[in-house]
Amino acid sequence: HYDPSARALKPDWTVIREAFETNVFGAWRVAAAFAPLPSVSGHGRLVNVSSEGGSLASMGSGAPAYSTSKATLNALTRILSAELRGAGVLVNSICPGWVAT
38 HYDPSARALK PDWTVIREAF ETNVFGAWRV AAAFAPLPSV SGHGRLVNVS SEGGSLASMG
98 SGAPAYSTSK ATLNALTRIL SAELRGAGVL VNSICPGWVA T
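With this note's numbering applied, the sequence shown has no gaps in its numbers, which climb one by one up to 138 at the end.
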């Protein structure tokens, strides 16, 4: 979904949906399924894999589907962290740099 030649004003909705399904909804589904488990509560860890491309500070033009989906994942990570703090589950994201996936 990382296409630096893509432009936000010429959206490919299929690519955008795929990016959000993978980068946002997939992580959200995993969190919703695993966070309530008794074995996770109290000492669980939820680590999302994000990207500098999702950072508002370094976002520019190009790769809009990827960048907006990773920015949304970053927001979701903050929200989940706040919601699960009382349950003893630590939530964070990592930005490992360029990874050929």
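Cβ atoms here follow ideal geometry from the backbone N, Cα and C, with glycine treated the same way.
What residue does the beta strand (DSSP E) around residue i start on, and which one ends it?
i           : result
residue 83  : 82 to 86
residue 136 : Note, residue 136: premise wrong, no beta strand (DSSP E); not H, not E.
Grab me the residues of residue i's own chain with a C-beta within less than 6 Å of its C-beta, minus the 5 sequence neighbours each way, in chain order.
i           : result
residue 127 : 82
Going along the chain, which residues of its own chain have a beta-carbon closer than 7 Å to the beta-carbon of residue i, five neighbours each way excluded?
i           : result
residue 113 : 61, 64 and 65
residue 93  : 108
What are the start and end residues of the alpha helix (DSSP H) that includes residue i?
i           : result
residue 111 : 101 to 121
residue 51  : 50 to 57
residue 71  : 63 to 71
In chain order, what residues of the same chain have a beta carbon less than 8 Å from the beta carbon of residue i, not counting five sequence neighbours either side?
i           : result
residue 44  : 98, 99 and 101
residue 110 : 60, 61, 64, 85, 87, 91 and 130
residue 42  : 99
residue 39  : 90, 100 and 103
Does the distance from the C-beta atom of residue i to that of residue j stay below 8 Å?
i           : j           : result
residue 104 : residue 125 : no
residue 106 : residue 56  : yes
Cβ contact check for the region 42 to 49 and the region 66 to 76: 3 or more pairs under 8 Å: no
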